[in-house]
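Residue numbers (full-length UniProt numbering): 1 to 87.
Heads up, the beta-carbon is just placed ideally off N, CA and C, and yes, glycines get one too.
This report refers to the structure that appears directly beneath it.
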Amino acid sequence: MKAMGPKFRDTILALGGGKAPKEVFRDFRGRNPLPKALLRSIRVRCPPESSSVSSAFLPESSSESSPESSHQLKRRSESLHQQRRRI
Numbered sequence: 001m002k003a004m005g006p007k008f009r010d011t012i013l014a015l016g017g018g019k020a021p022k023e024v025f026r027d028f029r030g031r032n033p034l035p036k037a038l039l040r041s042i043r044v045r046c047p048p049e050s051s052s053v054s055s056a057f058l059p060e061s062s063s064e065s066s067p068e069s070s071h072q073l074k075r076r077s078e079s080l081h082q083q084r085r086r087i
């Protein structure tokens, strides 16, 4: 764990935005970023590989057969947009 601090400082903080974020992530983690990890972190269900793209944006608790699912999806989308505006 002690080695992680200096590595974070040297690969992320020291660059000060002088390098593309994807490259900085790759240097720090040793791999490319995974979109599914980002979706999980904001609690969006990741679809199976064979599923349609639109299902990736359904909230985890939503049921596709539920008549409320489109309403829940719209509310979730609006909430995410509001959160992004605050950042």
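The alpha carbon of I42 has as its nearest neighbour, out of A3, S79, K2, the alpha carbon of S79. Shortest Cα-Cα distance from T11 to any of S77, L34, D27, K74 involves D27.
Taking C-beta atoms under 8 Å as the contact rule, P35 and K22 fail to qualify, at a distance of about 12 Å.
Between the alpha carbons of H81 and A37 lies a distance of about 19 Å.
It is roughly 27 Å from the alpha-carbon of L15 to the alpha-carbon of Q83.
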